[in-house]
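Everything in the sequence shown is counted per UniProt numbering, starting at 1 for the first residue and increasing by one.
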Amino acid sequence: VLPSYQLDSSPEDGVYTYGMFLSGGRWNMTSMILAESYPKVLWDSLPIVWFKPTLASQIEIGTRYECPLYITSARFGTLKTTGHSTNYVLMILLDTQLPVSHWIKRGLALLCQLDD
């Protein structure tokens, strides 16, 4: 996750993307970590994310939260013949200072679009 002022050109490898929303938490732009939602705020915009190709064996999860990304807030879809949901996209590692179980209990997820 990157602040927009750090972007001056396309990445050498991978792609920058934006327009995702956090449900069940918010992104602290100062410390660049997950934080509790503000009262009565259901969604928070995630800043620009750099999807950088990396070998699975080189990924260090550490204390980061493996956040699921869904197309819609339904968080479910029909199963394809491959056994994958039509609504699930992928997991994104997000930095946090709280235990991963904290975010699991809150159902923290990323969404590509909000409900109308």
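Backbone N, C-alpha and C define an ideal beta-carbon position, used for all residues, glycine too. Quick caveat: nothing in here was measured; it's all calculated off a predicted structure.
So which of 31, 96, 35 has the shortest CA-CA distance to residue 61? As a first step, residue 61 is located in the sequence shown; it is residue number 61 there, counting from the start. Of the listed residues, the one whose Cα sits closest to residue 61 is 96.
Going along the chain, which residues of its own chain have a beta-carbon closer than 7 Å to the beta-carbon of residue 38, five neighbours each way excluded? In the sequence shown, counting from the first residue as 1, residue 38 sits at position 38. For residue 38, where only same-chain residues beyond five positions count, the Cβ hits under 7 Å are 26.
Three-state secondary structure assigned by DSSP to residue 1: Taking the sequence shown and counting its residues from 1, the one referred to as residue 1 is at position 1. Residue state, collapsed to three classes: coil.
First and last residue of the uninterrupted alpha helix (DSSP H) at residue 26: Stepping through the sequence shown from its first residue, residue 26 is reached at position 26. Premise fails: residue 26 lies in the beta strand (DSSP E), 26–28, not in any alpha helix (DSSP H).
Below 8 Å on the Cβ atoms is my guess for residue 49 versus residue 92; work out the distance and round it to an integer in Å. Counted from its first residue, the sequence shown places residue 49 at position 49. Counted from its first residue, the sequence shown places residue 92 at position 92. About 7 Å; that satisfies the 8 Å criterion.
Go through its chain and collect everything with a Cβ distance to residue 75's Cβ below 6 Å, but skip five positions before and after it. For the purposes of this step, residue 75 is taken as residue 75 along the sequence shown, with counting starting at 1. Within the same chain, residue 75 has no close Cβ partners at all.
Between the CA atoms of residue 114 and residue 55 - distance to the nearest angstrom: If you number the sequence shown from 1, residue 55 lands on position 55. If you number the sequence shown from 1, residue 114 lands on position 114. Going from the Cα of residue 55 to the Cα of residue 114 covers about 31 Å.
Assign residue 92 to one of three DSSP states: helix, strand, or coil. Indexing the sequence shown from 1 puts residue 92 at position 92. Note: residue 92 maps to strand in three-state DSSP.
Return the Cβ separation of residue 19 and residue 108 in integer angstroms, given the expectation that the two are a contact with Cβ distance under 8 Å. On the sequence shown, position 19 is the one that residue 19 refers to. On the sequence shown, position 108 is the one that residue 108 refers to. The pair is not a contact, with the Cβ atoms about 18 Å apart (cut-off 8 Å).
Buried or exposed: where does residue 42 fall if 16 or more other Cβ atoms within 10 Å of its Cβ makes it buried? Working through the sequence shown from its first residue, we reach residue 42 at position 42. Under a 10 Å Cβ-count criterion, residue 42 is classified as exposed, with fewer than 16 other Cβ atoms of the shown protein chains found around its own Cβ.
Beta-carbon separation of residue 111 and residue 88 under 9 Å? Taking the sequence shown and counting its residues from 1, one reaches residue 111 at position 111. Taking the sequence shown and counting its residues from 1, one reaches residue 88 at position 88. Going by C-beta atoms, residue 111 is not nearer than 9 Å to residue 88.
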